[in-house]
Amino acid sequence: MGEDQEEEEVPVPRWCMRCLRSTLLDWHRRYKKADSPFALHPISFDCKYTKSGSIKCDKCRASQCNCKPAAAMLNGDRLDLCNILQVLEDLCVGRVSEHGGSLPHVGEADEGEGGRPFVLAEVTRRRLAQISYEISSAFSKAETQHRKKYGITGSKITHPEFGEGYENFCHSRRDLIRRTCTPLPASASWEDRRARESHLRLRLQPRDGGYHAWKRALAEARQGLVLALTQDPRGRGEYHGAQWWIKAQEEAAQRFPPVRT
Numbered sequence: 260m261g262e263d264q265e266e267e268e269v270p271v272p273r274w275c276m277r278c279l280r281s282t283l284l285d286w287h288r289r290y291k292k293a294d295s296p297f298a299l300h301p302i303s304f305d306c307k308y309t310k311s312g313s314i315k316c317d318k319c320r321a322s323q324c325n326c327k328p329a330a331a332m333l334n335g336d337r338l339d340l341c342n343i344l345q346v347l348e349d350l351c352v353g354r355v356s357e358h359g360g361s362l363p364h365v366g367e368a369d370e371g372e373g374g375r376p377f378v379l380a381e382v383t384r385r386r387l388a389q390i391s392y393e394i395s396s397a398f399s400k401a402e403t404q405h406r407k408k409y410g411i412t413g414s415k416i417t418h419p420e421f422g423e424g425y426e427n428f429c430h431s432r433r434d435l436i437r438r439t440c441t442p443l444p445a446s447a448s449w450e451d452r453r454a455r456e457s458h459l460r461l462r463l464q465p466r467d468g469g470y471h472a473w474k475r476a477l478a479e480a481r482q483g484l485v486l487a488l489t490q491d492p493r494g495r496g497e498y499h500g501a502q503w504w505i506k507a508q509e510e511a512a513q514r515f516p517p518v519r520t
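Here the sequence shown is numbered in this note's numbering, starting from 260 and rising by one per residue.
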């Protein structure tokens, strides 16, 4: 309901809220154990839409359950969550380049020679995985608060404050964003087009339910990422001062979505 129809330069991974929440529950029950190897990997949502023409994901279709995407007003916030999880995953498996390249080998940037691949310390990877759980949980809670405020938890679709349909409310806000967004020239780079597309997406605003909790979670996740990298035992030890390590931290922070106010 109320899905954003804006043409996408980079499509956002598709997943439903039921799969997100079941993944969170499974991670909490099984993977949060200190000795679990799964706790070294950020959360990923196993939600697939393989049946052509079906509005339900495979799991919801098999279990005959309602399959709800995130509320339309959180379309941009969903993109931000996907970007955060990708940054955390790339760090844990040794990728930091924005375009999918591999992290430089130790000594490669300074000496021009390849060395053994860099791997974050286990304690750091465990912390990044925990951040993925915390930010995903925060998104789930914000989405629930948003639905409750606007009366779209079940079959109700009426916006209680403005007396109009939720879809119309989303369209009105989307049109306002488009009218106030400066068009890009034909020569605009792919990065600029992608940034504009992200800006055009609907995101929670101060009056929306779930806004403040979600913004706090974004800020805490970013702070947690920076702290985890600066305190990484290998980064503070054998790789301290290496230019490639400094660049790796900078790239990770730059790829992290800004905390918009």
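All C-beta atoms, glycine included, are put in the ideal place defined by N, C-alpha and C.
Keep in mind that this is a model prediction, so the values were computed, not measured.
Query: In this structure, does DSSP put Gly239 in helix, strand or coil?; Result: The chain is shown only over 260 to 520; residue 239 falls outside these bounds and no answer can be derived.
Query: At 4 residues or longer, what runs of the alpha helix (DSSP H) sit wholly inside the stretch 479-517?; Result: 492-495 and 502-514
Query: Looking only at its chain, what residues have a beta carbon closer than 6 angstroms to the beta carbon of Arg384, apart from the 5 residues adjacent to it on each side?; Result: Leu299 and Cys351
Query: Measure the alpha-carbon distance for Gly453 versus Ile302 and round it to whole angstroms.; Result: What sits at residue 453 in the sequence shown is Arg, not Gly. Whole-angstrom Cα-Cα distance: 25 angstroms.
Query: Are Gly461 and Asn342 close, meaning C-beta to C-beta below 9 angstroms?; Result: Checking the sequence shown, residue 461 turns out to be Leu, not Gly. Result no, Cβ atoms of Leu461 and Asn342 do not sit closer than 9 angstroms.
Query: Is Leu477 closer than 9 angstroms to Gln508 when the C-beta atoms are compared?; Result: no
Query: Are at least three pairs of beta-carbons, each pair with one atom in the stretch 273-287 and one in the stretch 398-409, less than 8 angstroms apart?; Result: yes
Query: Provide the residue span of the alpha helix (DSSP H) that contains Ala397, from first to last.; Result: Glu381 to Lys408
Query: Taking DSSP as the reference, what is the three-state secondary structure of Ser448?; Result: coil
Query: Do Leu347 and Leu387 count as a contact pair if the criterion is CB distance below 9 angstroms?; Result: yes
Query: Taking Cβ to Cβ, would you say Phe515 is nearer than 9 angstroms to Arg481?; Result: yes
Query: Hey, quick one: how far does the alpha helix (DSSP H) through Cys306 stretch, first residue to last?; Result: Where Cys306 is concerned, there is no enclosing alpha helix (DSSP H), given that its DSSP letter is neither H nor E.
Query: Alpha carbon to alpha carbon, how far is Lys307 from Ser396?; Result: 20 angstroms
Query: Look up Leu463 in the DSSP assignment and say whether it is helix, strand or coil.; Result: coil
Query: Check Met276 in the structure and name its three-state DSSP category.; Result: helix
Query: If you draw a straight line from the C-alpha of Ala329 to the C-alpha of Arg288, how long is it?; Result: 24 angstroms
Query: Whole angstroms are fine: how far does the CA of Asp285 sit from the CA of Glu510?; Result: 31 angstroms
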